[in-house]
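Note sheet for the following structure.
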Amino acid sequence: MHRCLTQLIGFLTVFQADSFVTQSQPIGLMTTAFRPDHPLTVTVRLFGGKTEEEKESGEKTHSSKGILDFIFNPYETKIPKELEKEIYQAEGNTVAAQDRTKRVGLYAVVAFSGILLAFFNGFITELRNGPTPDGIPFALDDAGFAWVESNLLTRFLFMNKVGGGVCLVGGAAFGLLAEAEFDTRRTNAEKIWEEMQRRREGKTKKVAPRKKKRRSGKESKRLGAIAEVAFQEREGSAAVEVSAVPKAKKSTDGDIDEQQPRGNTEVSGVASEEDIGVFGALKGFYEKADKMAASQALLLNKQLEEKGLLEKITDESGLKVIGKDEAAKLKSAKTEGDASNKKDGKS
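Spelled out as C-alpha cells, the structure:
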C-alpha cells in the first residue's frame, strides 16, 4: 500500500520543461507537464484545484471542477455570495419549501434512532457472545437487560443480526431523505438564479434591426408606374357617380364587337383609412383590374355560346337562366287551354 501511494505521488510530480526542475505539489492542486505559458501545457485536475488567476479573483468556474470535486463539495452552488441569502429566502416562500423544517427534523430523529438501535444491537451481541470468567454464557438478566428478551420485537431488533441490519439501513435511508431535502432546496435556489439571469439578459438584449430588402430597378419602376396610374384614376373618379350600360353591337355576320357591364357603382368621395397612401391606391387598382377581367371572361363566354361552342346557360342580359324551358312549356299549355275554352263557349 505504501509503495502504491509513493508511485501515485511520483506521478503527480511537476516537471518543468525549461529547467527540468522537479517540484513536488500536494494532491488536489494543478499538475502541469510544462510551463503554464507553454503551448503544450497539459493540466490534470483531480480534486478541483484552482489556478493562480482563480485564486486571485476568488472565482471558480465550472471548468475548474475536478473529477472528485462533487464528493468533497456536494453543496457547492453557482449563486453569488452577495445574493445567496435573498435567493434562499425567496425559495423558502415556494410550495416545495412548506413544512420543510418539520420534515427534516422528523427524518433526522428517525435516522439517529435507527443508527442508535443498530449500535445497541452490536452492544448486546458483544455481551452475549463475549467470554466470561466462569465460562458460563452471559445472562442479560444480570446486566439489567431482561426487557430485551421479554418482547418479540426487541428480541428481533437487538438479539438478531438481521434486526441490527434493518435498524442501520432504515436510519441511513431517513438520513438520505433529510439530505435530499437540502439538495432540493439548493436546486430550487439555482433555478431561481437562472431565471433571474435569463430575465436580465432578455431586458438588456437589444433587438437586431430588421434589414429591408432592396428591390431591383425594374421592380421599383413597375411599382412606381402602377402607383402613378392608380393615383390618376383616383383623382378622376373621386366623388363621381359612375354608371356603365352594356352595349352590344352585332355585325352582319352576327359577331359581338363590344359590350360593357351594366350596373351602377357609387364611389364615395371620402376615402377610408386603409385606402390612404400608395398601398390603398394599389389595392383599388387591383380590384378594378379584377372586375375588368371578370367582364372580359363573361363576354368571351357569351361569344362562345353564340357560336354554339358552349351550351347556353345565360340569356341576353347575361344572367343565368333558371327554369326557362319549364316556364315556356307552362305558358304554351296555358295558351292552348284558353283557346279550347273559347271554342267550347262558342259552341
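In terms of mature numbering (1 follows the signal peptide of the UniProt record, and there is no 0), the sequence shown is residues -19 to -1, 1 to 328. For every residue, glycine included, the Cβ atom is placed at its ideal position computed from N, Cα and C. The model shown is predicted, which means the values in this text are computed figures rather than measured ones.
Collapsed DSSP secondary structure at residue i in the structure displayed
i, result
"Glu57", "coil"
"Met140", "coil"
"Ala154", "helix"
"Ala159", "helix"
"Gly265", "helix"
"Gly278", "Sequence inspection shows Ala at residue 278; the Gly mentioned does not correspond to that position. In this structure, Ala278 counts as helix in the three-state DSSP scheme."
"Asp122", "coil"
"Lys288", "coil"
"Val147", "helix"
"Ala314", "helix"
"Asn322", "helix"
"Gly244", "The predicted model places Gly244 with a pLDDT of 43, which falls under 50 and marks its position as unreliable, so this point remains unresolved."
"Ala270", "helix"
"Ala78", "coil"
Status (buried if at least 16 other CB within 10 Å, exposed otherwise) for residue i
i, result
"Gly125", "exposed"
"Val129", "buried"
"Gly145", "buried"
"Gln4", "Residue placement at Gln4 is poorly supported in this model, since its pLDDT is 39, which falls under 50; the coordinates still yield a value, given next. Classification for Gln4: exposed."
"Tyr267", "exposed"
"Asn110", "exposed"
"Leu138", "buried"
"residue 332", "Given a span of -19 to 328 for the chain in the structure shown, any question on residue 332 remains unanswerable."
"Gly183", "exposed"
"Ala314", "exposed"
"Phe163", "exposed"
"Gly289", "exposed"
"Gly95", "buried"
"Gly152", "buried"
"Arg16", "Residue confidence is low: Arg16 scores 44 on pLDDT, short of 50, so the model does not pin down where it sits. Its coordinate-derived value is still stated next. When all chains shown are included, Arg16 counts as exposed."
Alpha helix (DSSP H) segment containing residue i, residue limits
i, result
"Val85", "81 to 110"
"Ala71", "62 to 73"
"Val129", "127 to 131"
Residue i CB to nearest heavy atom of the ligand FAD below 6 angstroms
i, result
"Gly265", "By its list of ligands, the structure shown contains no ligand whatsoever, and the ligand FAD lies outside what it can speak to."
### Message
Taking contact to mean 3 or more Cβ pairs, one atom from each stretch, closer than 8 angstroms, check whether the stretch 129 to 139 and the stretch 70 to 86 are in contact.
### Response
no
### Task
Evaluate contact between the stretch 60 to 80 and the stretch 156 to 167, counting only Cβ atoms and requiring at least three cross-stretch pairs below 8 angstroms.
yes
### Query
Is it a yes or a no for the stretch 169 to 186 touching the stretch 96 to 109, going by three-plus beta-carbon pairs under 8 angstroms?
no
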